[in-house]
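First residue of the sequence shown? That's 1 in the working numbering, and the numbers climb one at a time after it.
Just so you know, even glycine gets a beta-carbon here, dropped at the ideal spot from N, CA and C.
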Amino acid sequence: MTPTPTPRQVLREVFGYDAFRGPQAAIVEHVCAGGSALVLMPTGGGKSLCYQIPALCRPGTAVVVSPLIALMQDQVSALRQAGVRAAALHSAESGASAAATWRELQTGGLDLLYVSPERLLNGDLIERLADLPLALFAIDEAHCVSQWGHDFRPEYLQLAVLAERFRAVPRIALTATADPRTRSEIVARLGLEQAAVFTASFDRPNIRYLLRDKSDPKRQLLEFLASQRGHAGIVYARSRKRVEEFAALIKADGHDALPYHAGLAADTRGAALERFRHGSGVIVVATIAFGMGIDKPDVRFVAHVDLPKSLEAYYQETGRAGRDGLPAIAWMVHGAADVPPLRRFIEESDAAPAQKRIEHGRLDSLIGFAETSGCRRRILLDYLGETGSADCGNCDVCLEPNQGVDVTEPARKALSAVYRTGGRFGAAHLVDVLLGGDTARVRSLGHDQLGVYGIGRELDRLQWRSLFRQLTARGYVVAAADGHGGLEFGPEALVRPLLRGESRLEIRLPPPARERRGRASGGATTPAAGAESADPDLLAALKAWRLEQARQQRL
Ligand code: ADP
Ligand code: MG
Numbered sequence: 001m002t003p004t005p006t007p008r009q010v011l012r013e014v015f016g017y018d019a020f021r022g023p024q025a026a027i028v029e030h031v032c033a034g035g036s037a038l039v040l041m042p043t044g045g046g047k048s049l050c051y052q053i054p055a056l057c058r059p060g061t062a063v064v065v066s067p068l069i070a071l072m073q074d075q076v077s078a079l080r081q082a083g084v085r086a087a088a089l090h091s092a093e094s095g096a097s098a099a100a101t102w103r104e105l106q107t108g109g110l111d112l113l114y115v116s117p118e119r120l121l122n123g124d125l126i127e128r129l130a131d132l133p134l135a136l137f138a139i140d141e142a143h144c145v146s147q148w149g150h151d152f153r154p155e156y157l158q159l160a161v162l163a164e165r166f167r168a169v170p171r172i173a174l175t176a177t178a179d180p181r182t183r184s185e186i187v188a189r190l191g192l193e194q195a196a197v198f199t200a201s202f203d204r205p206n207i208r209y210l211l212r213d214k215s216d217p218k219r220q221l222l223e224f225l226a227s228q229r230g231h232a233g234i235v236y237a238r239s240r241k242r243v244e245e246f247a248a249l250i251k252a253d254g255h256d257a258l259p260y261h262a263g264l265a266a267d268t269r270g271a272a273l274e275r276f277r278h279g280s281g282v283i284v285v286a287t288i289a290f291g292m293g294i295d296k297p298d299v300r301f302v303a304h305v306d307l308p309k310s311l312e313a314y315y316q317e318t319g320r321a322g323r324d325g326l327p328a329i330a331w332m333v334h335g336a337a338d339v340p341p342l343r344r345f346i347e348e349s350d351a352a353p354a355q356k357r358i359e360h361g362r363l364d365s366l367i368g369f370a371e372t373s374g375c376r377r378r379i380l381l382d383y384l385g386e387t388g389s390a391d392c393g394n395c396d397v398c399l400e401p402n403q404g405v406d407v408t409e410p411a412r413k414a415l416s417a418v419y420r421t422g423g424r425f426g427a428a429h430l431v432d433v434l435l436g437g438d439t440a441r442v443r444s445l446g447h448d449q450l451g452v453y454g455i456g457r458e459l460d461r462l463q464w465r466s467l468f469r470q471l472t473a474r475g476y477v478v479a480a481a482d483g484h485g486g487l488e489f490g491p492e493a494l495v496r497p498l499l500r501g502e503s504r505l506e507i508r509l510p511p512p513a514r515e516r517r518g519r520a521s522g523g524a525t526t527p528a529a530g531a532e533s534a535d536p537d538l539l540a541a542l543k544a545w546r547l548e549q550a551r552q553q554r555l
């Protein structure tokens, strides 16, 4: 019997790499020792090795669940070239080849078996696996278990049976999705409560984030693309119609461009993907249907002509650029007009009200990112749970500074409105109060009697909404814990210095309404500089508020 190789030997001799990257070594060691794991690593981070190496170091076959046939085929052929005994079972495999795979499996001739979730769960494969020695289960693209992401695969939910049926077999779930809500969904749905969690940094330092105010998106895009001649890239647009329009426009401008959306025939899409992967300088203009499974390393840019639906989606979509580690650009034009269609889309879905609120909140985080005057990468990493990073020097804000306006006073008024109305109301109502709006809700709640009523007329509605989104994006206010969409104060360490005048806040604001209507343009406006602080008792109030919250938590 040959001695079991060590992980490092396998890394060098089978895969030809000198060293593990980031948390790979710890993950491999943990899984080799029989532990289960949840692995959070950005696209291109090297998740595959985290299960492929334990597959070769542990006795038995490793079963890898993967959502896309193309992904499985790529991996199996790469492994076979490296001399690893790997095979795949999925709907595109012929009966004869499935039978051969099955024979290999039964005779212990397979190190890795890739399966689609359908193939694993339908029929008797699970029963048959129960009699075989298994090294581990790997669940790749584990965010497919989340009902709220756009990659949801209902069969992934049934993978919960693995935890029950194969108690002794380690399970490793892997995803590039960093959104904390999705993480906890993966843990709950796949029964990974006992699993160790490994996280690599989600920063993609080689990606330059460039956002532009949308004025004439077609001209703006062509100008951007002119700086990218000969480079492969992806242009994301909201609808099939816009994809076709933009693809035609780009082609007419002399680029090698192809449309890609779910309305095209499967073979047309397959051909487009092939040409993108193997051609040089091909631009794919796509809806979000073009996504998971694009593992082309040298995508030099990802451009958005419409807002994605969340900051998480933006991160995933832009993450397809620069997987080779070389400089790449994430370019986006955005404007206030992008938001209403996305809101309608959420409202018109058949999701439950609580879910709709989550979706609106996710959209807010994206708008906050788009409107910020702070470093884009910092906002993005904060959102992904990596706090405390420095300004990056590689985004439009860092590279082209001085676009923000001081909104310290309006921000204090906003916080004051949050406090005076009891921390139970969303931005729409708070803005009504600040503007002195005469709505039925304002009157029935008696909010027209509050000291904050009508104190915020220096900004218009759109500007206030932008301010609230940015206060949310930066953590000054947070969604109230009761889940009804109200806003309350964020961490005291953040709120207090602002209220005490020890810190100031600069953000980008949309121009005031009269300028938006077209007349005088000019830069951003400075809202009533030097206005009196809205609420002198707010500091005391903040303290009382915290005490009350602490008391309620103890109850
Ligand atoms: P992910 O699934 O996280 O998106 P992959 O597993 O496809 O990433 O790996 C991305 C690329 O990085 C692949 O080309 C892979 O061979 C390479 N890679 C992974 N780990 C290492 C390593 N330790 N050293 C060098 N290259 C690596
Ligand atoms: Mg992968």
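- Relative to ligand 1, D203 has its C-beta separated by 7 Å or more from all heavy atoms.
- Secondary structure of Y51 (DSSP, three-state): helix.
- When distances are taken from the beta-carbon of D256 to the heavy atoms of ligand 2, even the shortest one reaches 7 Å or more.
- Taking each of A286, P42, Q24 and E312 in turn and checking the Cα distance to T182, the smallest one comes out for E312.
- With the rule of 3 Cβ pairs closer than 8 Å, the stretch 60-68 counts as touching the stretch 107-114.
- Counting every other CB atom within 10 Å of its CB across the protein chains shown gives T387 a total below 16, marking it as exposed.
- H261 sits away from V235, with the two beta carbons spaced by 8 Å or more.
- Within its own chain, the residues whose Cβ lies closer than 7 Å to the Cβ of A247, once the five positions on either side in sequence are excluded, are A257, L258, P259 and V285, listed in chain order.
- Under the 8 Å Cβ criterion, the stretch 31-41 counts as touching the stretch 188-199, having at least three qualifying pairs.
- Residues Q75, V76, L79, R80, L110, D111, L112, L113 and Y114 of the same chain have their beta carbon placed closer than 8 Å to that of A86, with the five preceding and five following residues left out of the count.
- Shortest gap from the CB of R21 to any heavy atom of ligand 1: under 7 Å.
- Taking 8 Å as the cut-off, the beta carbon of L211 is found no closer than this to the beta carbon of I250.
- Under DSSP, D406 shares a beta bridge with E506.
- Within the same chain, E155, Q158, L159 and V161 come within 8 Å of L121 by CB-CB distance, once the 5 residues on both sides are set aside.
- Under the three-state reduction of DSSP, P341 is assigned to helix.
- Cβ contact annotation for R204 (same chain, cutoff 7 Å, sequence separation greater than five): P42, G319 and G322, in chain order.
- Contact between the stretch 449-466 and the stretch 498-514 is established, with three or more Cβ pairs separated by less than 8 Å.
- Cβ neighbours of R275 within its own chain (closer than 7 Å, five residues either side excluded): L258 and V282.
- Separation of the CB atoms of P54 and V84 is rounded to 13 Å, and the pair is thereby denied contact status at 8 Å.
- I283 carries a strand assignment under DSSP once its states are collapsed to helix, strand and coil.
- Distances between the C-beta of K47 and the heavy atoms of ligand 2 include at least one below 7 Å.
- Nearest neighbour of F468 by Cα position, chosen from L498, C50, I367 and E458, turns out to be I367.
- D324 has its CB no nearer than 7 Å to any heavy atom of ligand 2.
- Separation of the CB atoms of L105 and A98 is rounded to 10 Å, and the pair is thereby denied contact status at 8 Å.
- T408 places its beta carbon 8 Å or farther from that of H447.
- Restricting attention to F369, P353 and A82, the CA atom closest to the CA of Y209 is found in F369.
- Under the rule that a run must span 4 or more residues, the alpha helix (DSSP H) segments found entirely inside the stretch 347-404 read 353-371, 376-383 and 396-399.
- Every alpha helix (DSSP H) stretch that sits fully inside the stretch 440-497 and reaches 4 residues is listed by chain position as 440-444 and 461-473.
- Under DSSP, L56 takes part in no beta bridge, so it has no partner.
- The criterion of a C-beta distance shorter than 8 Å is satisfied by L435 and R457.
- G485 and E347 have their C-alpha atoms roughly 14 Å apart.
- By the Cβ test, the stretch 162-172 is not in contact with the stretch 292-303, since fewer than three Cβ pairs between them sit closer than 8 Å.
- With a beta-carbon spacing of about 7 Å, R171 and L136 fall inside the 8 Å limit used to define contacts.
- Beta-bridge partners of G233 (DSSP): I283 and F301.
- The bridge partners DSSP lists for D213 are H334.
- Secondary structure within the stretch 132-174: the alpha helix (DSSP H) runs of 4 or more consecutive residues, fully enclosed, are 154-157 and 160-165 (chain order).
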